[in-house]
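Chemist: Chains as they are written, first to last, in the working numbering: chain A, 1 to 388; chain B, 389 to 776.
There are 2 protein chains.
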Amino acid sequence: MNGFIYNVPTKIHFGENAVSHLGDELKNYGKKVLLCYGGGSIKKSGLYDTVKEQIENAGLEMFELSGIEPNPRVDSVREGAKICKEQNIDVLLAVGGGSTLDCTKWIAAAAKVEHDAWDFFSDWADVTDALPVLTVLTLSATGSEMNCGGVISNPETNDKIGRLAKPLLPKVSFLDPTLTYSVSKYQTACGSADILSHILEVYFAREQDLYMLDCVMEGLLKTVIKYTPVALQKPDDYEARANLMWASSWAINTFVTGGKQHEWSCHPLEHELSAFYDITHGLGLAILTPRFLRYCLSDKNVGKYVQFGVNVFDIDKNLPPMEIAQKAIEMLENFLFNTLGLSSTLTEIGINDEHFALMAKKACEGATLQGFVDLTAEDIEKIYRMCL
Amino acid sequence: MNGFIYNVPTKIHFGENAVSHLGDELKNYGKKVLLCYGGGSIKKSGLYDTVKEQIENAGLEMFELSGIEPNPRVDSVREGAKICKEQNIDVLLAVGGGSTLDCTKWIAAAAKVEHDAWDFFSDWADVTDALPVLTVLTLSATGSEMNCGGVISNPETNDKIGRLAKPLLPKVSFLDPTLTYSVSKYQTACGSADILSHILEVYFAREQDLYMLDCVMEGLLKTVIKYTPVALQKPDDYEARANLMWASSWAINTFVTGGKQHEWSCHPLEHELSAFYDITHGLGLAILTPRFLRYCLSDKNVGKYVQFGVNVFDIDKNLPPMEIAQKAIEMLENFLFNTLGLSSTLTEIGINDEHFALMAKKACEGATLQGFVDLTAEDIEKIYRMCL
């Protein structure tokens with residue numbers, strides 16, 4: 001069991017009308033605010049007006065960067081950083097889902113350096129400083145609101161790279177579950193697949209860590225499994241949306257990780273998928289995760305699958321271990337593809353094996369992906385093929 | 389379901405030799421350190437020398453306040469504050485269990501005001517500022533290392549009063565499970581009873597909150613129930629001590645509370661017990677909690693007991709609800725009094741009904757304690773009597 005540092009100082013305002021505290025919080029970080037958002041959905045929903053009113057009533061000056069895309073691109077980071085430098089922006093406000101938040105966080109870092117934003121990913125340039133970032137979340141999925149990571153795509157090189165950097169941690173995040181009432185069934189399902197994957201990446205680990213954290217992860221998994229169908233059926237169910245929203249943050253704010261240091265297994269595989277095909281991240285994870293779990297299952301690690309099946313899916317603990325394991329994977333598939341209604345194969349979403357060899361090589365960076373089990377490019381290609 | 393603010397910026401160094409980072413962290417808060425501790429146990433264990441070396445190697449000046457007592461007294465707070473003022477102390481370092489930490493936190497507040505330290509409790513004087521506090525934990529119990537509360541006793545008035553104040557939140561806490569290897573069986577058992585109580589005070593609530601948080605609480609309860617017997621049997625079992633230590637912090641750092649606003653039920657009753665008799669806090673809670681749960685059980689709230697029994701003690705969910713509830717309370721009693729070996733009655737520890745009426749009145753401040761259910765002084769006195 002390894003030691004660890006837990007350090008997550010993000011302040012959270014949770015609940016209906018959480019955004020009513022936005023102006024007061026923003027004021028603590030300066031005068032000039034750059035509001036970052038994606039498409040027009042926050043204008044349609046009225047959230048844009050609420051946010052603008054908060055900023056104006058707090059006596060702050062507002063600038064805007066709109067059009068941040070899903071799987072946000074390095075060009076948006078460059079554009080945001082340029083505004084920050086030209087306008088001497090003090091604080092960034094991201095309003096949207098994980099893509100908007102990730103992009104805004106990297107704008108905050110890029111605003112503090114002279115070099116090109118992509119150097120953070122191609123050259124792993126140091127991130128020593130960043131403008132303060134506050135976030136208003138509108139989609140429960142990536143957990144970006146309470147962690148220091150962000151994933152940026154570069155379409156020129158077919159790269160999609162995630163990176164953690166302490167200065168990127170949001171100072172304050174506003175989590176109002178009612179802001180997710182208007183999220184479509186499809187995006188709700190993809191978001192939940194993303195949350196599940198974040199937990200499973202840590203739960204299925206080569207290292208054992210604290211039992212307590214396994215219990216917490218099982219609780220988060222059960223929460224997502226219980227409440228996603230409710231949110232799909234009744235999009236304005238506060239309890240369902242609130243549970244999903246708070247679970248999304250805790251799935252990936254480092255708490256459940258403890259001292260585990262292994263690499264993640266499915267996310268690198270999915271990043272190649274959406275880098276090559278620009279698909280929704282959560283959908284790619286949903287298709288990959290059960291196949292990955294099936295591929296990795298062995299006599300050596302079956303115990304973890306049993307724990308998962310019994311504690312999360314309530315499978316009879318007296319069945320033979322391998323049977324429990326297989327059943328657990330099937331129940332996960334059933335949840336993702338039937339209950340959530342997500343596409344179950346890459347073929348269904350128009351992806352064939354054309355780039356599998358190259359994607360597999362990139363996913364493990366030409367070496368071995370040291371996640372739950374060691375995966376070579378050959379292994380990864382096999383997992384991709386299981387998804388056809 | 390209420391909204392809430394989650395704001396717990398305490399940085400945690402967790403694991404063996406966590407204290408090796410102490411000097412580096414202390415340096416961030418100034419030059420003059422007041423080391424606060426209790427009896428001589430940290431000298432016997434060698435921890436005192438380790439801490440001293442860290443402070444000296446960081447080039448800091450060390451002052452000392454020793455002799456902080458269990459159920460720490462306001463006189464110790466006064467004494468510490470006096471040293472802080474006279475020596476212009478920059479930062480406080482608490483090394484010990486919850487009592488030492490609580491006392492140090494209130495010294496940090498008292499050092500910033502001119503009035504007497506007891507005014508914080510008798511007059512609820514404002515706490516607007518405090519010296520920074522860092523902690524090295526040697527006992528898993530109160531959670532003081534990651535929250536902003538502290539309980540102080542005043543023997544002159546038989547008062548024992550807990551109060552939360554944001555400025556008291558420790559900046560950095562060092563949690564090394566090996567530092568709890570030398571904790572006696574009795575103190576280990578009392579510590580775990582304290583952790584369980586912190587969780588149950590929130591779990592058994594008049595308000596429902598997020599299902600996710602109930603799952604987390606059940607995970608924490610299972611952790612304490614699984615690992616306390618291991619720690620009793622094998623005091624140097626790292627896994628057991630680590631699970632208990634991290635569970636103690638999360639039981640009461642506000643995370644599991646969500647938006648619940650009800651008062652706690654057992655702690656006020658216990659504070660009177662240890663104010664009048666100076667008994668160990670965790671022991672008082674162990675004796676009180678099952679009786680409290682039995683007294684409050686009704687057709688209206690039996691569902692929560694069923695959830696507790698099924699999810700924590702794995703009781704057959706097909707039994708009649710009232711039977712599950714009774715069985716759950718019995719299993720809790722069995723855990724506290726047989727597995728942990730704690731005294732099961734007040735009579736056993738030499739307490740009779742002499743002060744029950746007065747204690748009951750003080751516990752509810754002469755009105756109604758609005759915890760899990762409403763409790764009048766009469767109700768509380770009945771609960772005390774169930775403990776004889």
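For each residue, glycine too, the CB sits at the ideal point set by N, CA and C.
Only a predicted model underlies this, so the values are computations on that prediction, with no experimental measurement involved.
(1) In the DSSP output, what is A:Arg-163 paired with across the bridge?
(2) Taking only beta-carbon atoms, is A:Cys-296 less than 7 Å away from chain B?
(3) Looking only at its own chain, which residues have a Cβ that is under 6 Å from the Cβ of A:Ile-252, when we skip the five neighbours before and after it?
(4) Does B:Ile-393 come within less than 7 Å of chain A when only Cβ atoms are used?
(5) May I ask you to list, following chain order, the residues of the segment 707-728 of chain B that have a beta carbon less than 7 Å from some beta carbon of chain A?
(6) Considering only the alpha carbon of each residue, which of A:Lys-105, A:Ala-110, A:Gly-97 and A:Phe-335 lies closest to A:Lys-226?
(7) Counting Cβ pairs closer than 8 Å, one from the segment 296-303 of chain A and one from the segment 236-249 of chain A, do we hit at least three?
(8) Determine the extent of the alpha helix (DSSP H) in which A:Ile-55 is found, giving its start and end residues.
(9) Helix, strand or coil: which one does DSSP assign to B:Leu-661?
(10) Got a sec, what are the start and stop residues for the beta strand (DSSP E) A:Tyr-181 sits in?
(11) Looking at the C-beta of B:Leu-598, does it have a partner C-beta in chain A at a distance below 7 Å?
(12) Let me confirm a value: B:Lys-464 is counted as buried when at least 16 other C-beta atoms fall within 10 Å, else exposed. Which label applies?
(13) DSSP has A:Ile-5 in a bridge; who is on the other side?
(14) Apart from the five residues on each side of it in sequence, which residues of its chain come closer than 7 Å, Cβ to Cβ, to B:Glu-413?
(15) So, for B:Gln-575: in the same chain, excluding its five sequence neighbours on each side, which residues have a beta-carbon less than 7 Å away from its beta-carbon?
(16) Would A:Cys-417 count as contacting chain B if we go by Cβ distances under 7 Å?
(17) For a minimum of 4 consecutive residues, which ranges assigned as the alpha helix (DSSP H) are wholly contained in the segment 185-268 of chain A?
(18) Among all the DSSP beta bridges, which residues are the ones paired with A:Lys-32?
(19) Taking the alpha-carbon of A:Leu-232 as reference, which of A:Ile-349, A:Gly-341 and A:Gly-96 has the nearest alpha-carbon?
(20) Give a yes or no on whether the minimum CB-CB distance between A:Ala-286 and chain B is below 7 Å.
(21) Between the alpha carbons of A:Leu-175 and A:Leu-137, how many angstroms are there, rounded?
(22) Using 8 Å as the cut-off, can you tell me whether the segment 540-548 of chain B makes contact with the segment 415-435 of chain B, which would need three or more C-beta pairs spanning the two stretches below that distance?
(23) In chain B, which residues lie less than 7 Å from A:Asn-2 when you measure between Cβ atoms?
(24) If you reduce the DSSP assignment to three classes, tell me which class A:Leu-22 lands in.
(25) Starting from B:Tyr-574, find everything on chain A with Cβ-Cβ shorter than 8 Å and list it in chain order.
(26) How about the segment 98-111 of chain A and the segment 81-88 of chain A: do they share at least three Cβ pairs that are nearer than 8 Å?
(27) Return the first residue and the last residue of the alpha helix (DSSP H) that A:Leu-283 is part of.
(28) Would you list the one or two residues that DSSP bridges to B:Val-501?
(29) Can you tell me whether B:Glu-660 is buried or exposed? The criterion is at least 16 other CB atoms within 10 Å of its CB, across all chains shown.
(30) Taking the alpha-carbon positions, what's the A:Tyr-211 to B:Pro-558 distance?
(31) Our contact map puts B:Leu-567 next to B:Leu-422 with C-beta atoms below 8 Å; I'd like the distance itself, whole angstroms only.
(32) Between the C-alpha atoms of A:Ser-66 and B:Ala-518, what's the straight-line distance to the nearest angstrom?
(33) Between which two residues does the beta strand (DSSP E) carrying B:Ala-482 extend?
(34) Within the 7 Å Cβ cut-off, does A:Ala-247 reach chain B?
(35) At the level of alpha carbons, what is the spacing between B:Tyr-394 and B:Ala-406?
(36) Between B:Asn-416 and chain A, is there a C-beta pair that is closer than 7 Å?
Modeler: To lay it out plainly:
(1) A:Gly-150
(2) no
(3) Gly-143, Asn-147 and His-198
(4) yes
(5) none
(6) A:Phe-335
(7) no
(8) 47-57
(9) helix
(10) Here A:Tyr-181 belongs to no beta strand (DSSP E), and DSSP marks it neither H nor E.
(11) yes
(12) Contrary to the premise, residue 464 of chain B reads as Ser rather than Lys in this sequence. By the neighbour-count rule (16 or more Cβ atoms within 10 Å), B:Ser-464 is buried.
(13) B:His-401
(14) Leu-522 and Val-560
(15) Leu-527
(16) Nothing about residue 417 of chain A can be reported from this structure: the residues present for chain A run from 1 to 388 only.
(17) 185-203, 211-233 and 238-250
(18) A:Glu-61
(19) A:Gly-341
(20) no
(21) 6 Å
(22) no
(23) Gly-403
(24) helix
(25) Ordered by position in chain A, no residue passes the 8 Å Cβ test against B:Tyr-574, which lies about 23 Å from the chain.
(26) yes
(27) 281-296
(28) Looking at the DSSP assignment, B:Val-501 forms no beta bridge with any residue, so it has no partner.
(29) buried
(30) 26 Å
(31) Between B:Leu-422 and B:Leu-567 the Cβ distance is about 20 Å, and since that is not below 8 Å, they are no contact.
(32) 42 Å
(33) 479-484
(34) yes
(35) 26 Å
(36) no
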